[in-house]
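The sequence shown begins at 1 in full-length UniProt numbering and counts up by one. Yeah, the Cβ is synthetic: ideal placement off N, Cα and C, and Gly gets one too. Read through the structure below, which is laid out as structure tokens, and then see the notes.
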Amino acid sequence: MPAGPGGRGDALDTRVARRRAATAIPARLSASRACIAHGDARCAAQQAAPGAKPRVTLRARRLGFVLDISFRAIRPPRLTVAAFAPTRCRIVRRARRRHSPRTPHDKRTRSSSFDNGGENMNVSQTCLLITALMPFVWTMCAKSSSRYDNHDPRGYLARLDGWRARAFAAHQNSWEAFALFTAALVVAWHNGANMQRVDQLAIVFVASRVLYGVLYLLNWATLRSLVWTVGLVCVVWLFLAAP
């Protein structure tokens, strides 16, 4: 049947209106998602079409992101994750600050000398090495004889007399002093003692030990005991050395 007057124009107007509506709805939906991503609920409600409201909208700002799960009649469900980058950047900055190397101002005033590098301990370490090698010097003096029997060195040392016997006694005493001196230096380094004071005490201790051995060989007993006391005072001072 032929359409009545004006029927063809009404049908054309209806098709044009439908096309305009189909074009306007996606634009409104995209604007609504942009508003939700930025956290503006009022803007999202104004931009969304009356018949295309989201059924589920989940926001979690404390976690640093916004989830927009929308069920539309004209489009499939979509998942939008927005505003996540700023929070991630803050987390990365905090992690870098937490694991960044400390500046000299952040370090404790009373720090261990082990953290200062080996340069500051060269003098005291050298004194420790000299003290460790000193017992071998005295035992070489004790064994410097044609009667030395390498098959029975202990028996030979037990049968010694005179200055060689005293050299062997200095050898034994040097091992005892070396143990005390090592412990005192370790404690001083660990406590962060003044390295200049530690070096001075170490030098005095080594000098007293060398003089002690020489006086032992010369059989000057009284002066030798006084020098031994000086070395003992140095060891005690190292134990009590303050930063």
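Residue i versus residue j: straight-line alpha-carbon distance, rounded
i, j, result
"G192", "A132", "23 Å"
"V186", "V227", "23 Å"
"R163", "L217", "Residue identity check: residue 163 is Trp in the sequence provided, not Arg. Going by the C-alpha atoms only, they are around 5 Å apart."
"Y148", "R154", "10 Å"
"S144", "A242", "44 Å"
"N173", "V137", "12 Å"
"N219", "R209", "15 Å"
"S225", "L160", "22 Å"
"A167", "F205", "19 Å"
"A202", "H171", "19 Å"
"G213", "V123", "22 Å"
"H151", "L215", "30 Å"
"L128", "V230", "17 Å"
"residue 264", "S146", "With the chain represented from 1 up to 243, any question about residue 264 goes unanswered, as that position is not in the structure."
"W189", "I130", "18 Å"
"M140", "L223", "24 Å"
"P135", "N194", "29 Å"
"A207", "Q196", "17 Å"
"Q125", "T182", "10 Å"
"L211", "A221", "12 Å"
"S70", "R15", "Reliability fails at S70, whose pLDDT of 48 lies under 50, so the model's placement of it is uncertain and the value that follows must be treated cautiously. Approximately 28 Å, taken between the alpha carbons."
Rounded Cβ spacing between residue i and residue j (contact assumed at less than 8 Å)
i, j, result
"L157", "A169", "About 10 Å; that fails the 8 Å criterion."
"A184", "F239", "5 Å"
Contact the stretch 226 to 236 vs the stretch 172 to 186: 3+ CB pairs below 8 Å: In the pairwise beta carbon analysis, the stretch 226 to 236 is classified as touching the stretch 172 to 186: at least three pairs are separated by under 8 Å.
4 or more residues per run - each alpha helix (DSSP H) lying fully within the stretch 142 to 186: Counting whole runs of 4 or more residues, the stretch 142 to 186 contains the alpha helix (DSSP H) stretches 153 to 158.
Contained alpha helix (DSSP H) runs [length at least 4] in the stretch 186 to 222, N- to C-terminal order: If only uninterrupted alpha helix (DSSP H) runs of at least 4 residues are considered, those enclosed by the stretch 186 to 222 are 195 to 218.
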